[in-house]
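Report on the structure given below.
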Amino acid sequence: MLRLALVPLVALVDASVLRGQSGRHLQNSDAGATPLAVTPPRSPAPSSIYGKIYVGVPPQEFLVVYDTGSGNMFLPDRACQSTSCMTKHSYDKLLSKAAKQVPNETSVPEEVSLTVGHGSVVGHPTLDKVCLQPQNVCASTAFVAAAEMSDVPFSLYPFDGVVGLGMPGLSRNKEYNFLGNLAEAQALEKDRFSVWLSKEVDHEDSEIAFGDIPMTRVGSEIAWFPLSSTEGLWQVEMKDLTVNLVRQGLCKGFTCHVAFDTGTGVLAGPRHMVEALKQELNVASDCSNWDGLPALGVELADGVFNIEKYEYVQKSNEGCFLQMVALDTVKPVLFLGTPFLERYVTIYDRAFLRVGLAFAVHRSEATGESNEEARQRLMAREALGET
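Residues in the sequence shown are numbered from 44 upward in steps of one, following my numbering.
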């Protein structure tokens, strides 16, 4: 049993999405194949975080997206002839002594499909040893060995596949849930993991830690929130959204939620919510009002967790672009992607069905403040009222 397994992560950025193109739904398709568990509607993954994983005996190494918003895993199969597979490391079950066919009710090998953003994957279920380190922190896990992968988006990115870190409700069944399999194998001391996303000033990779929390990344006490649903997403109840601590009244008459999503590079939510925030924030594309842009906050329980323009706006020589995408969904769920995850360390605790937030330690603050000064100004503040 290992106390802590650290996996360095690297961020990918898709500038077209940073410029605010519309989000899209993730759903299952392909009538000729059995769909995997439905992935909820959310934004694309323009700033996905990816790291290494090891599959098989002896281990085959892959770069994968660690996605808290999905629950299945897929890798390109050696038989894949799609153009997008040509630039990736492919999985070869013939090279693994631990590879098995996933049992089904017929003798015919099953074919399954998965839709990821604009892309699609079709392949066969496979069972093999999956490890966070070359020969350590392992669990037998089912995944899709992809025989077909669409060119868009997979040919655009260097990662080979995706490992879903969502709750079991997002997985096809428990065999496909990597976190659950690690827990059953007692591979980690604690059934939880944490994510710390680096900023440019840190000059180091982001990090996902399985089994415990690297306290050097944590700059505050941890605030814990119970999951509002245990069906799949890592989501908690949200009271409202604030601008400079003033409630916007966007959750009147119903219960809102936030989902912490490493597979989303922006903030993404229902159209009415996003459009209202865009109007209130009023980010000028020429950056003419940059100095006066307010803090944007998420009110959870008794405190507001703020992020600033440095997180929710992408500023470049080409202008200022709000990192927010509207989704055509009736579900009142706001997906908190990279802008929020850079500001707060997120802890995903399966044992107690809760999510923890702590102020993230970075090498320096854009405002020139100390980390503690920034924490006092931004984290767990009291809302001042309502518009």
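Glycine residues also receive a C-beta, built at the ideal position from the N, C-alpha and C atoms. Small disclaimer: the values here were computed from a predicted structure and weren't measured.
Apart from the five residues just before and just after Ala409, which ones in its own chain have a Cβ nearer than 6 Å to its Cβ?
Cβ neighbours of Ala409 beyond the five flanking positions: Tyr353.
Collapsed DSSP secondary structure at Asn179 in the structure displayed
In the three-state reduction of the DSSP assignment, Asn179 falls in the strand class, which pools E and B.
DSSP three-state label for Cys294, please.
Coil at Cys294, not helix or strand.
As assigned by DSSP and simplified to three states, the class of Val164
If DSSP states are grouped into helix, strand and coil, Val164 belongs with the strands.
Taking DSSP as the reference, what is the three-state secondary structure of Gln322?
DSSP places Gln322 in the helix class (H, G or I) of the three-state scheme.
Can you tell me whether Ala417 is buried or exposed, with buried defined as 16 or more other CB within 10 angstroms of its CB?
Ala417 counts as buried, since no fewer than 16 other beta carbons sit within 10 angstroms of its beta carbon.
List the whole-angstrom C-beta distance separating Ser516 from Ser127, where the pair is believed to meet the contact cut-off of C-beta under 8 Å.
Outside the shown range of the chain, which is 44 to 430, sits residue 516, and nothing can be said about it.
Which runs of the alpha helix (DSSP H) fall wholly inside the region 347 to 401 and span at least 4 residues, in chain order?
List check, alpha helix (DSSP H) in window: 352 to 355, 381 to 384.
What is the DSSP secondary structure of Thr126, reduced to helix, strand or coil?
Thr126 carries a helical assignment under DSSP once its states are collapsed to helix, strand and coil.
Go ahead and label His315 buried or exposed: buried means 16 or more other beta carbons lie within 10 angstroms of its beta carbon, across all protein chains shown.
Of the residues assessed, His315 falls on the exposed side of the cut-off, its CB having fewer than 16 other CB atoms within 10 angstroms.
Beta strand (DSSP E) runs wholly inside the region 224 to 305, at least 3 long, in chain order
Listed in chain order, the complete beta strand (DSSP E) runs (minimum 3 residues) inside the region 224 to 305 are 235 to 239, 249 to 253, 266 to 269, 278 to 281, 283 to 286, 299 to 303.
Just how far apart, CA to CA, sit Ala426 and Glu318?
So the alpha carbons of these two residues sit roughly 21 Å apart.
What is the rounded straight-line gap between the Cα of Ser271 and the Cα of Ala302?
One C-alpha to the other measures close to 10 Å.
How would you call Met129, buried or exposed, if buried means at least 16 neighbouring beta carbons within 10 angstroms?
With fewer than 16 other CB atoms across the displayed protein chains lying within 10 angstroms of its CB, Met129 is exposed.
Which of the three DSSP states is assigned to Arg424 in this structure?
In the structure shown, Arg424 sits in a strand (DSSP, three-state: E or B).
Grab me the residues of Ala184's own chain with a C-beta within less than 6 Å of its C-beta, minus the 5 sequence neighbours each way, in chain order.
Inspection of the sequence shows that residue 184 is occupied by Thr rather than by Ala. Correct list, in chain order: Val173, Phe221, Asn224.
Out of Ala311, Lys233, Asp135, Ala403, state which residue places its alpha-carbon closest to the alpha-carbon of Phe348.
Closest by alpha carbon: Ala403.
Which residues in the same chain as Thr285 place their Cβ atom closer than 7 Å to its Cβ, once the five residues preceding and following it in sequence are excluded?
Cβ neighbours of Thr285 beyond the five flanking positions: Gln291, Gly340, Glu342, Val347, Ala426.
When you compare only the Cα positions, how much space is there between Arg235 and Phe383?
Looking at the two C-alpha atoms, the distance is approximately 20 Å.
Expressed to the nearest angstrom, what Euclidean distance is found between the alpha-carbon atoms of Val261 and Val388?
Rounded to whole angstroms, the gap between the alpha carbons of Val261 and Val388 is 7 Å.
Going by beta carbon distance, what residues of the same chain come within less than 7 Å of Asp203, once the five residues before and after it are set aside?
Exclusion of the five residues before and after Asp203 leaves Phe105, Leu106, Val107, Leu118, Pro119, Lys131, His132 as the residues of its chain whose Cβ lies within less than 7 Å of its Cβ.
Whole angstroms is fine: what's the gap from Cys330's alpha carbon to Val180's?
The alpha-carbon atoms of Cys330 and Val180 are separated by roughly 47 Å.
Would you kindly work out how many angstroms separate the C-alpha atoms of Asp245 and Gln144, rounded to a whole number?
So the two alpha carbons sit approximately 44 Å from each other.
Just to confirm, is the Cβ distance from Lys242 to Glu385 under 8 Å?
Taking C-beta atoms as the reference points, Lys242 and Glu385 count as a pair closer than 8 Å.
Taking Cβ positions only, does Ala423 come closer than 8 Å to chain D?
Absent from the structure: chain D. Only one protein chain is present.
When you compare each of Met422, Asp345, Ile350, Gln229 to Pro337 by their alpha carbons, which one comes out closest?
Cα-wise, what sits closest to Pro337 is Ile350.
Between the Cα of Val50 and those of Thr372, Gly254, Ala394, spot the shortest distance and give me the residue it belongs to.
It is Gly254 whose Cα lies nearest to the Cα of Val50.
Do Ala189 and Gly209 have their CB atoms nearer than 8 Å?
Contact: no.
Check whether the Cβ atoms of Val289 and Gly428 sit closer than 8 Å, and answer yes or no.
Yes, Cβ-Cβ distance for Val289 and Gly428 is below 8 Å.
Quick one: what does DSSP say Val145 is sitting in, helix, strand or coil?
Reduced to three states, the DSSP call for Val145 is coil.
Cβ atoms of Val238 and Met116: under 8 Å apart, would you say?
At least 8 Å separates the beta-carbon of Met116 from that of Val238.
Can you tell which of Thr381, Lys217, Ala141, Arg393 has its C-alpha closest to the C-alpha of Ala311?
For the options Thr381, Lys217, Ala141, Arg393, the alpha carbon positioned closest to that of Ala311 is the one of Thr381.
Per DSSP, which residues does Lys217 bridge with? Please list them.
DSSP output for Lys217 lists no bridge partner at all.
Would you decide whether Ala394 is buried or exposed? Buried here means 16 or more other CB atoms lie within 10 Å of its CB.
Residue burial annotation: Ala394 is exposed, with fewer than 16 other C-beta atoms found within 10 angstroms of its C-beta.
When the distance is taken between beta carbons, is Thr169 closer than 8 Å to Tyr391?
No, the pair does not count as a contact, with Cβ atoms beyond the cut-off.
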